[in-house]
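Report on one structure; see the data block that follows.
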Amino acid sequence: MNGNQNLLAEQRRAFILDEVRRRGGVRVNELTRRLNVSDMTVRRDLDALARRGVVEKVHGGAVPVAEARTHGPGPGREPGPDAKEEIARVASAMVAPGSAVAFSGGTTAYAVARRLLGLAGLTVVTNSVRIADAFHSAPAPEPGGGARPGAATVVLTGGVRTPSDALVGPVADRAIGALRFDVLFLGVHGVSAEAGLSTPNLAEAETNRRLIRSARRVVVVADHTKWGRVGLGSFARLEEVDTLVTDAGVPKEVRAAMAEHLPGLVVADREAGAREAVGAGRGRRGGA
Numbered sequence: 010m011n012g013n014q015n016l017l018a019e020q021r022r023a024f025i026l027d028e029v030r031r032r033g034g035v036r037v038n039e040l041t042r043r044l045n046v047s048d049m050t051v052r053r054d055l056d057a058l059a060r061r062g063v064v065e066k067v068h069g070g071a072v073p074v075a076e077a078r079t080h081g082p083g084p085g086r087e088p089g090p091d092a093k094e095e096i097a098r099v100a101s102a103m104v105a106p107g108s109a110v111a112f113s114g115g116t117t118a119y120a121v122a123r124r125l126l127g128l129a130g131l132t133v134v135t136n137s138v139r140i141a142d143a144f145h146s147a148p149a150p151e152p153g154g155g156a157r158p159g160a161a162t163v164v165l166t167g168g169v170r171t172p173s174d175a176l177v178g179p180v181a182d183r184a185i186g187a188l189r190f191d192v193l194f195l196g197v198h199g200v201s202a203e204a205g206l207s208t209p210n211l212a213e214a215e216t217n218r219r220l221i222r223s224a225r226r227v228v229v230v231a232d233h234t235k236w237g238r239v240g241l242g243s244f245a246r247l248e249e250v251d252t253l254v255t256d257a258g259v260p261k262e263v264r265a266a267m268a269e270h271l272p273g274l275v276v277a278d279r280e281a282g283a284r285e286a287v288g289a290g291r292g293r294r295g296g297a
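Be aware that the sequence shown starts at 10, since it is given in this note's numbering, and climbs by one per residue.
So, in structure tokens, the structure goes:
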């Protein structure tokens with residue numbers, strides 16, 4: 010990762026933490042090479058993460074702490090089992106039959122996609138292998154009462170597959186750049202007022218930028234555990250998002266602070282019997 014000498018400390022530490030969790034441990038000498046920083050800088054980053062209780066330092070590197078869940082100032086509890094489904098319920102209602110809809114990778118974007126499997130006439134663009142497979146496999150009613158697979162027209166971008174089954178890189182970027190779609194449902198690793206939307210994967214960050222540029226409306230779907238996280242690559246400011254849909258686990262003070270940056274913030278809360286909307290939620294290009 011040449012040229013990363015000037016990465017913000019929090020971005021470096023987010024990358025290190027993600028590598029620890031994904032691979033089960035990291036070594037100092039490997040991190041100095043990948044981040045292109047000094048041995049002392051990496052050790053300071055590991056010290057900072059260890060003080061937070063999210064990694065355990067060992068000889069020559071660090072390993073996960075079993076009880077550690079996230080980093081950053083975001084809320085400390087995991088989302089309930091229905092949080093992503095609540096977000097998906099609200100977000101899926103934003104799609105009309107016959108729309109061109111794009112999905113990034115991620116479990117919350119996948120939950121939205123599953124709720125749209127039966128909607129008529131969709132054209133789906135995605136860099137998620139899992140989402141493309143869901144639409145290809147979905148049965149749809151035929152006029153005669155039978156069923157056929159693949160109700161939607163599905164465009165899978167191609168590209169290099171990440172561990173989360175997203176396709177990224179130049180092939181994906183070129184395919185996305187040639188397309189235009191009505192709405193994009195974007196899953197994210199982290200959301201913060203300072204860093205905006207971010208991911209630990211730099212290639213994925215660039216592919217997400219291309220998705221945003223090609224979308225008439227951008228809807229970010231992120232549960233409350235994503236608030237306050239900062240990944241290595243920031244790919245959009247909050248002001249570039251049309252609507253962010255989250256769950257009721259986001260504290261009210263965080264909602265108020267983020268609403269200053271977001272055109273539209275929607276909190277999915279079934280218990281309240283309604284959606285709580287903050288901001289106009291209008292399209293960046295004047296669309297609804």
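Note that the Cβ used here is the ideal one computed from N, Cα and C, for glycine as well.
Since this is a predicted model, take the numbers as computed values, not measurements.
Pick from L165, E215, D54 that is closest to V29, judged by C-alpha positions: Here residue 29 refers to the residue found at position 20 when the sequence shown is read from its first residue. It is D54.
Segment contact, 8 Å Cβ cut-off, at least three pairs: the stretch 15-24 with the stretch 241-250: yes
C-beta contact flag for G300 and V121 at 8 Å: No answer is possible for residue 300: it lies beyond the span of the chain, which begins at 10 and ends at 297.
Please report how far the alpha carbon of A65 lies from the alpha carbon of D56, in whole angstroms. The residue you call residue 65 lines up with position 56 of the sequence shown. The residue you call residue 56 lines up with position 47 of the sequence shown. Before going on, a small fix: residue 65 reads as Glu here, not Ala. So the alpha carbons of these two residues sit roughly 9 Å apart.
Tell me which residues share the same chain as R218 and place their Cβ nearer than 6 Å to its Cβ, disregarding the 5 neighbours each side in the sequence. Within the sequence shown, residue 218 is the residue found at index 209, counting from 1. Once the five neighbours on either side are set aside, the close Cβ partners of R218 are F244.
Have a look at the DSSP bridge pairing and note the partners of V104. Position 95 of the sequence shown, counting from 1, holds the residue named residue 104. In the DSSP output, where bridge partners are listed per residue, V104 has none listed.
Reduced DSSP secondary structure (H/G/I, E/B, other) of T162: Looking up residue 162 in the sequence shown gives position 153. Note: T162 maps to strand in three-state DSSP.
Look at A147 and G196 and say whether their C-beta atoms are less than 8 Å apart. Translated into positions along the sequence shown, residue 147 becomes position 138. Translated into positions along the sequence shown, residue 196 becomes position 187. Cβ atoms of A147 and G196: not closer than 8 Å.
Could you give the distance in angstroms between the alpha-carbon of I221 and the alpha-carbon of F194? Locating residue 221 in the sequence shown gives position 212, where the first residue counts as 1. Locating residue 194 in the sequence shown gives position 185, where the first residue counts as 1. Taking the straight line from one Cα to the other gives about 10 Å.
Between the Cα of L26 and the Cα atoms of V72, G168, A212, which residue gives the shortest distance? As a working note, residue 26 is residue 17 in the sequence shown. The candidate whose alpha carbon is nearest that of L26 is V72.
Apart from the five residues just before and just after D232, which ones in its own chain have a Cβ nearer than 8 Å to its Cβ? If you number the sequence shown from 1, residue 232 lands on position 223. The residues are P88, A92, K93, I96, T117, T255, D256, G258.
Quick check for students: name the residue ranges of the alpha helix (DSSP H) that lie wholly in the stretch 31-79, counting only runs of 4 or more. 37-44, 48-61
Would you decide whether H198 is buried or exposed? Buried here means 16 or more other CB atoms lie within 10 Å of its CB. Here residue 198 refers to the residue found at position 189 of the sequence shown. The residue in question, H198, is buried, as its Cβ has 16 or more Cβ neighbours within 10 Å.
Out of V180, R189, R123, point me to the one whose CA is closest to S108's CA. Taking the sequence shown and counting its residues from 1, the one referred to as residue 108 is at position 99. It is R189.
Take E262 as the anchor and find which of S173, A202, V110 has the nearest alpha-carbon. For this step, residue 262 is matched to residue 253 along the sequence shown. Taking each of S173, A202, V110 in turn and checking the Cα distance to E262, the smallest one comes out for A202.
Starting from A109, follow the beta strand (DSSP E) in both directions and report where the run begins and ends. Locating residue 109 in the sequence shown gives position 100, where the first residue counts as 1. Residues 109-112.
In terms of residue numbering, what span does the beta strand (DSSP E) encompassing A120 cover? Looking up residue 120 in the sequence shown gives position 111. Segment 116-124 is the alpha helix (DSSP H) holding A120; no beta strand (DSSP E) there.
Looking only at C-alpha atoms, which of A143, A266, V229 sits nearest to V163? For the purposes of this step, residue 163 is identified with residue 154 of the sequence shown, where counting begins at 1. Measuring from the Cα of V163, the nearest candidate turns out to be A143.
What beta strand (DSSP E) runs, 3 residues minimum, are completely inside the stretch 242-269? 242-245, 252-256
Does the Cβ of R226 have 16 or more other Cβ atoms within 10 Å, making it buried, or fewer, making it exposed? Here residue 226 corresponds to residue number 217 of the sequence shown, with the count starting at 1. Note on R226: 16 or more other CB atoms within 10 angstroms of its CB, so buried under the neighbour-count rule.
Where A266 and R246 are concerned, what is the direct C-alpha to C-alpha distance, given to the nearest angstrom? To locate residue 266, count along the sequence shown from 1; it is residue 257. To locate residue 246, count along the sequence shown from 1; it is residue 237. The alpha-carbon atoms of A266 and R246 are separated by roughly 15 Å.
For D251, is the classification buried or exposed, using 16 other Cβ atoms within 10 angstroms of its Cβ as the cut-off for buried? On the sequence shown, residue 251 is found 242 positions in, with the first residue counted as 1. Its Cβ being crowded by 16 or more others within 10 Å, D251 is buried.
So, helix, strand or coil for T171, using DSSP? Counted from its first residue, the sequence shown places residue 171 at position 162. In the three-state DSSP reduction, T171 falls in the coil class, being neither helix nor strand.
Is the beta carbon of P106 less than 8 Å from the beta carbon of A129? Position 97 of the sequence shown, counted from the start, is the residue given in the question as residue 106. Position 120 of the sequence shown, counted from the start, is the residue given in the question as residue 129. Cβ distance < 8 Å, so P106 and A129 count as in contact.
4 or more residues per run - each alpha helix (DSSP H) lying fully within the stretch 209-237: Annotation: the stretch 209-237 contains the following complete segments of the alpha helix (DSSP H) (minimum length 4 residues), in chain order: 211-222.
Please say whether V192 and K235 have beta carbons closer to each other than 8 Å? In the sequence shown, counting from the first residue as 1, residue 235 sits at position 226. In the sequence shown, counting from the first residue as 1, residue 192 sits at position 183. No. Outside cutoff.
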